[in-house]
Amino acid sequence: MDVLNRPRFQNALKALALLAMAVFLYTRLASGVLFFYINQRFMAYTIFAIVGLVVVALSYRPMARRDEADGALHSHHRLGWAGLAIVMAPVALGLLVPPQPLGAAAMQNREINVASQARSALPAAVRAAAQKDAADRNLLDWLHAFSASPNPAQEFAGQPVDVIGFIYHDERLGENEVLVNRFVVSCCVADASVVSMVVRWPDAASLPDDAWVQVKGVLQPGEFNGRALPIVVAQEVIPTALPNQPYLYR
Amino acid sequence: MIVERPKAASPVETPSPARASERRVRLMRWGLTLVVVAAAFAAIFSDALRGGGAVYLYQRVQTFVTIFLGIFIEAVPFLIAGSIVSGLIAVFVDQAAIDRYLPKAALPAALVGGGMGMVFPVCECGVVPVVRRLYEKGLPLSIGVAFLLAAPVVNPIVILSTYSAFGWGPVFVGRIVFSFLIAAVVGFLFGRAQPEEVLRPAVCQLHHDASHPVHSHEHDHSHYLPNAPLGLRFRQAFNLAGDDFFDMARYLILGSMLAAGMQTLVPQSTLLAIGQGPVISVLAMQALAFVLSVCSTVDAFLALAFAGTFTTGSVLAFLVFGPMVDIKSSLMFLGVFRRRIVVYLIALPMLLSLLMGVWWNLNVRW
């Protein structure tokens, strides 16, 4: 008989698999990598999952050899090699591939929001963005603010900008221009969309894709992809470390 | 009623037809995995040859892993919660109560099922193990199907999140009303079906035992042990929760991989550029909902991003169809239903929500 079919091994295997998953989630949480994957407001759910997995794992109490024949508490749901491989896939992939937040590579697949559509945001978020001081606005706040204006290119000209994002070179950009971007996540990275601002900077070409920078500058009327919008004329572009929370949250 | 400890539950004594189908499902699972992996590799490599080679390929893989883990980590809490609820139902709910209090006629059953999410607030990952367990307790088919499809939307949490995203208006009202209606209609259609045509053999066997208690003397799978000590009952419940979790996690993981693969390879703009027509826009948003596989508790915030550019009917279709069926949930359905039925469970809500979206686009001016 296949070793896996013996109730003792089944129980031990299931308990270990559940614990492995719980430990994996815990390490994501402890190292802060969790926020590469989900919105921070779902952190409590992850904690619940860890507790749930451990409680369920511990309910598979080790079985003595003499209980095996009795099999009173074991179930007929057998976990085979294939099942085990699939269930452990998230843990294996998570450990093998170094965690990395979404970046330039994921942008090639997505719409770039340089000026969001009129109704694309929560009214409350737009109001909150409008009340913020210009220097405190992040990329998403700026797009909210732009969306509330009929003619953002003119209206915001001259306002100071201080934002953080990663670099992406888009082929539709003009000379000495680069996009500075953040992904916006409402649930998990599966629903990520990207918000971007066009930055004009003499050394734009020297900035590599995915490099994180802080951009300080002033808004001026400009255009992207044939559309008039405010762009940042940078005074300073400072390389920065990856923020603790790489995404902005809706 | 005093029930013996379930001694019949060892794999050796599992009836042979169930085993054969178990083997078939396992084969299919492998086949599916292979197809997905092969397709992903083919697509990635064809891209890599066009583009920047190894670095580019590596970035693609990394993006895939990030999105896959994102969907998985987001869904795991809901799956473990659903599994624990399922385990508790198995041990603490008396089959006789289900038999006595829930309607069996198709129409009332479908309506009750459609509204049951208000009592059991579960999302699309948690609802599947709960429905399966209720079927094993003899729940009528119509109630289960309507519950499965409606619960991810018609529940207090999702109603609240939809309200906070869209406020009182056509999208909010339309989402709840149509989710309920479509789920009830599909549930009603299952009113005449026989359990053995619909449920997977292993689930069906228990369903049959539960609804015909007379025949179940020598083959009692019941986990309802009212006279066992409480500690033992809880342990049994968590044991069953673990088994459920493993059963469903396979489908969830394969589904998340598939969804992540599609997202890595198919540009969103392809779907969104399809068009603005009253019919095409609805189809595009349905496809997007299916591919994205976002949890129903938050998809309203996501849909908001499309509200300006897309027709209201198509946004509604996204919000109604997406929670009922997406890549990961339709794979999880395979753990409960026969394959043919899973096709119906995808196609019927798809057609009905398409009909709804198109009708809305053509006739409703709110």
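Residue numbers (this note's numbering), protein chains in the order written: chain A, 1 to 250; chain B, 1001 to 1366. C-beta: ideal position from N, C-alpha, C; glycine also.
How would you call Trp1168 of chain B, buried or exposed, if buried means at least 16 neighbouring beta carbons within 10 angstroms? Trp1168 of chain B is exposed by the Cβ-count criterion.
Figure out for me which residue from B:Val1364, B:Leu1232, B:Gly1335 and B:Gly1322 has the closest Cα to the Cα of Ala1347 of chain B. B:Gly1322
Which of the three DSSP states, helix, strand or coil, is assigned to Arg172 of chain A? In this structure, Arg172 of chain A counts as coil in the three-state DSSP scheme.
Taking Cβ-Cβ distances shorter than 7 angstroms, what residues in chain B pair up with Thr46 of chain A? Ile1073 and Pro1077
Mind checking if Ala97 of chain A is an interface residue toward chain B, Cβ cutoff 7 angstroms exclusive? Looking at the sequence itself, residue 97 of chain A is Val, so the reference to Ala does not match. Chain B contact via Cβ: present.
Just checking: is the beta-carbon of Cys1295 of chain B within a distance shorter than 7 angstroms of some beta-carbon in chain A? Interface flag for Cys1295 of chain B against chain A is set, since a Cβ pair is found closer than 7 angstroms.
Does the Cβ-Cβ distance between Gly1031 of chain B and Ala1110 of chain B come in under 7 angstroms? no
Determine, using beta carbons only, whether Phe1238 of chain B comes closer than 7 angstroms to chain A. yes
Tell me which residues share the same chain as Phe183 of chain A and place their Cβ nearer than 6 angstroms to its Cβ, disregarding the 5 neighbours each side in the sequence. Leu102, Ala192, Val194 and Tyr247
Neighbour flag for Phe1172 of chain B against chain A, beta carbons, 7 angstroms: no
Span of the alpha helix (DSSP H), counted from its first residue to its last, around Asn1239 of chain B: Leu1230 to Leu1265
If we count the other Cβ atoms within 10 Å of its Cβ and call it buried at 16 or more, is Ile238 of chain A buried or exposed? exposed
Which listed residue (A:Ala15, A:Ala135 and A:Ala128) has its alpha carbon closest to that of Gly1242 of chain B: A:Ala15
When you compare the segment 1232 to 1246 of chain B with the segment 48 to 63 of chain A, are there three or more beta-carbon pairs, one atom per stretch, that lie closer than 8 angstroms? yes
Look at the alpha carbon of Asp1247 of chain B and the alpha carbon of Leu79 of chain A, and state the distance between them as a whole number of angstroms. C-alpha separation (whole angstroms): 8 angstroms.
Could you spell out the range, first to last residue, of the beta strand (DSSP E) harbouring Leu229 of chain A? Residues Arg227 to Pro239.
What residues in its chain sit with their C-beta under 7 angstroms from that of Pro202 of chain A, if we drop five residues either side in the sequence? Asn176
Would you report the Cα separation of Met1350 of chain B and Pro1077 of chain B, rounded to the nearest angstrom? 27 angstroms
Give every residue of the same chain whose Cβ lies closer than 8 angstroms to the Cβ of Arg1192 of chain B, excluding the five residues on either side of it in the sequence, and list them in chain order. Ala1106
Contacts that Arg1065 of chain B makes with chain A (C-beta to C-beta distance below 7 angstroms): Looking at the sequence provided, one finds Val at residue 1065 of chain B rather than Arg. Within 7 angstroms Cβ-Cβ: Leu93 and Val97.
Between the alpha carbons of Ala153 of chain A and Leu229 of chain A, how many angstroms are there, rounded? 4 angstroms
Taking 7 angstroms as the CB-CB cut-off, is Gly1242 of chain B touching chain A? yes
Sorted by chain position, which residues of the same chain lie with C-beta nearer than 6 angstroms to Leu1319 of chain B's C-beta, five sequence neighbours on each side aside? Arg1175 and Ala1303
What is the C-beta distance between Leu1073 of chain B and Tyr26 of chain A, in whole angstroms, given that I count them as a contact (C-beta under 8 angstroms)? It is Ile, not Leu, that sits at residue 1073 of chain B in the sequence shown. About 12 angstroms; that fails the 8 angstroms criterion.
Distance check for Pro7 of chain A and Leu1355 of chain B, CA to CA, integer angstroms please. As the crow flies, the alpha-carbon of Leu1355 of chain B is around 51 angstroms from that of Pro7 of chain A.
Can you tell me whether Trp1359 of chain B is helix, strand or coil according to DSSP? helix
By a C-beta neighbour count over all protein chains shown, 10 Å radius and 16 as the cutoff for buried, is Ala129 of chain A buried or exposed? Of the residues assessed, Ala129 of chain A falls on the buried side of the cut-off, its CB having 16 or more other CB atoms within 10 angstroms.
Residues that Leu1032 of chain B contacts on chain A, provided the C-beta gap is smaller than 7 angstroms: By Cβ distance, chain A contributes nothing, its closest Cβ being about 10 angstroms from Leu1032 of chain B, past 7 angstroms.
What are the uninterrupted segments assigned as alpha helix (DSSP H) that are 4 or more residues long and contained completely in the segment 1076 to 1110 of chain B, given in chain order? 1095 to 1101
Within 10 angstroms of the Cβ of Tyr1058 of chain B, are there 16 or more other Cβ atoms? Answer buried if so, exposed if not. exposed
Rounded straight-line distance, which links the Cα of Met107 of chain A to that of Ser1161 of chain B: 28 angstroms
For Met43 of chain A, does the count of other Cβ atoms within 10 angstroms reach 16, so buried, or fall short, so exposed? Classification of Met43 of chain A: exposed, given that the 10 Å Cβ count is below 16.
Between which two residues does the alpha helix (DSSP H) harbouring Leu13 of chain A extend? Pro7 to Ser31
Does Ala125 of chain A get closer than 7 angstroms to chain B when you measure Cβ to Cβ? no
Chain A contact residues for Phe1290 of chain B, given Cβ-Cβ distances below 8 angstroms: Annotation: Phe1290 of chain B has no Cβ neighbours in chain A at a cutoff of 8 angstroms; minimum Cβ distance is about 12 angstroms.
Let me make sure I understand the geometry here. Which of A:Gln131, A:Ala105 and A:Ile47 has the alpha-carbon closest to that of Val1055 of chain B? A:Ala105
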